[in-house]
Each structure stands twice: as C-alpha cells, then as structure tokens.
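Below is one structure, written out as structure tokens; the observations come after it.
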Amino acid sequence: MGQQSLIYAFVARGTVVLADYTEFSGNFTSIASQCLQKLPASNNKFTYNCDGHTFNYLVDNGFTYCVVAVESAGRQVPIAFLERIKEDFTKRYGGGKAAAAPANSLSKEFGPKLKEHMQYCIDHPEEVSKIAKVKAQVSEVKGVMMENIEKVLDRGEKIELLVDKSENLRSQVSKFISYCAQDFRQQGTQMRRKMWLQNMKIKLIVLGILIALILIIVLSVCHGFNC
Numbered sequence: 001m002g003q004q005s006l007i008y009a010f011v012a013r014g015t016v017v018l019a020d021y022t023e024f025s026g027n028f029t030s031i032a033s034q035c036l037q038k039l040p041a042s043n044n045k046f047t048y049n050c051d052g053h054t055f056n057y058l059v060d061n062g063f064t065y066c067v068v069a070v071e072s073a074g075r076q077v078p079i080a081f082l083e084r085i086k087e088d089f090t091k092r093y094g095g096g097k098a099a100a101a102p103a104n105s106l107s108k109e110f111g112p113k114l115k116e117h118m119q120y121c122i123d124h125p126e127e128v129s130k131i132a133k134v135k136a137q138v139s140e141v142k143g144v145m146m147e148n149i150e151k152v153l154d155r156g157e158k159i160e161l162l163v164d165k166s167e168n169l170r171s172q173v174s175k176f177i178s179y180c181a182q183d184f185r186q187q188g189t190q191m192r193r194k195m196w197l198q199n200m201k202i203k204l205i206v207l208g209i210l211i212a213l214i215l216i217i218v219l220s221v222c223h224g225f226n227c
C-alpha cells in the first residue's frame, strides 16, 4: 500500500470537527465536511466515493470518525483505521472533555495520534485488514446471537402467557365442575325428596283403595250393616 493511501482524517462531535490531520492539500477536506453535514445520526458506518477517493465515516454515540482514502486502499483498511481512532479517542476523552470542546480545540493534542494511526495502517495493511475482518465476523455473530436470544425470550414470554391462560382456564373449569357437582347433589337431594313424596302419595292412594274395596266386600256380604 502506498504512502498516500490515507490522506485526511478527523474526529467530530455532531458536525463540529474537534481534531483533524492531513499532510496534503485539496478539495477533499471540504467534500468530507459537506458529507458530514448530511450523515444520519444513527450509529453506523458509511462510505462515499468521489473523484477517485473514498470518504469513510464511523458514527458512534454522537461522535463521527472520518478518513479519506484513495480508492485503491479498499474499504477494510480505512474502516480498521476508524475503529482504532475511535477506541483511542474514547479512552482519552470518554470522561466528558470532548462533550464541550470547541471546534478544532483537540487538533494539537489528538492530531499527532491521527497521524500515528494513519502511518501504522499504511505500514501494516494486511494485519489491520485481518483484524478488521475478524472484528466484522465477531460483530455479525454477536448480532445473530442477540437476535436469536431476543426470539427465544419473546417465545418464552408467549409460552409463559399461554401457561398463565391454561392455568386460568383450568381454574375456571375446576370451579365450574365443583359448582356443577354441588348443584347436582342439591338437585339429587331434591329429586329424592320429591320421589319419596310421590311414593308416599301412591302408597296412601293404594291403601285408600284397598280399604274402600274391603268395605265394599264386607257390606256386600253382610247386606249392609245387618251382619
């Protein structure tokens, strides 16, 4: 990889550039600034192509890390560079110093670090490419795992809800069966009482008929009451 593969880099808070570095002159600085104004605020990586250069951005928690590279540098090395400066910048200014820093106020302090990381990535392109590839694979696997975990948790919530509904239904069925059994016992008692009364009535009627028949027979034999 040539000496001029990475030509310009900066770190910004929102659209305010806090630190930058370049050894070259050209309109790439204004193009990089224009692209910065149009970047989405969401955490992500973005790459734009213009005039034989790539404008690579890494947005993370309100800060934007940018590097302009020649197209022949590919994408892995610029992205690896952005990951390196993000990690370094976060370690140095994660306590809140960068949150209120004025424009370009960190160039003197962090500009040399941008140069240092640039030179390392230029001198060790294969190493940083491999590291970037591994990190991308790890990030992809992590994303898949998190998605699967969310699905399992969501499925677990649905199962738990189904179990709760089943328990509620079982409780309602149990109460209904208990009510029906009690009502059946009450109706059975009432039915037995009613049957007993009906049997008594029938017995009394039969007894009355028997008595009447006996009286009729006696009267017919004795010709009235002259026995």
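According to full-length UniProt numbering, the residues represented by the sequence shown are 1 to 227, in order. Think of the CB as a built atom: it goes at the ideal place given N, C-alpha and C, for glycine as much as any other residue. Quick caveat: nothing in here was measured; it's all calculated off a predicted structure.
Would you mind working out which of the options sits nearest residue i, comparing C-alpha positions?
{"i": "K38", "options": "D51, Y57, L106, S171", "result": "Y57"}
{"i": "G74", "options": "T54, Y65, Y93", "result": "T54"}
{"i": "K115", "options": "V144, F81, C50, I209", "result": "F81"}
{"i": "A9", "options": "V68, P40, N43", "result": "V68"}
{"i": "S105", "options": "T90, V206, D20", "result": "D20"}
{"i": "E23", "options": "L210, L6, T64, K201", "result": "L6"}
{"i": "G14", "options": "Q34, K175, N49, I209", "result": "Q34"}
{"i": "R92", "options": "K201, V11, M195", "result": "V11"}
{"i": "N44", "options": "E150, N168, T64", "result": "T64"}
{"i": "Q4", "options": "I79, Q182, E71, V206", "result": "E71"}
{"i": "V59", "options": "T29, K175, S30, T90", "result": "T90"}
According to DSSP, is residue i part of a helix, a strand, or is it coil?
{"i": "F89", "result": "helix"}
{"i": "N61", "result": "coil"}
{"i": "residue 228", "result": "This structure cannot settle anything about residue 228, because the visible part of the chain is limited to 1 through 227."}
{"i": "N104", "result": "coil"}
{"i": "A99", "result": "helix"}
{"i": "A41", "result": "coil"}
So residue i is in the alpha helix (DSSP H); what residue range does that whole segment cover?
{"i": "D123", "result": "107-123"}
{"i": "T29", "result": "28-38"}
Count the other CB atoms within 10 Å of the CB of residue i; is the residue buried (16 or more) or exposed (fewer)?
{"i": "L18", "result": "buried"}
{"i": "L213", "result": "exposed"}
{"i": "R193", "result": "exposed"}
{"i": "R84", "result": "buried"}
{"i": "A32", "result": "buried"}
{"i": "M191", "result": "exposed"}
{"i": "M118", "result": "buried"}
{"i": "M1", "result": "Interpretation of M1 is limited by its pLDDT of 48, a score under 50 that renders its predicted location unreliable; the figure taken from the coordinates is listed afterwards. That one is buried."}
{"i": "A100", "result": "exposed"}
{"i": "A98", "result": "buried"}
{"i": "K108", "result": "exposed"}
{"i": "L161", "result": "exposed"}
{"i": "C222", "result": "exposed"}
{"i": "I211", "result": "exposed"}
Where does the unbroken beta strand (DSSP E) through residue i begin, and where does it stop?
{"i": "D20", "result": "16-22"}
{"i": "A12", "result": "6-13"}
{"i": "K45", "result": "44-50"}
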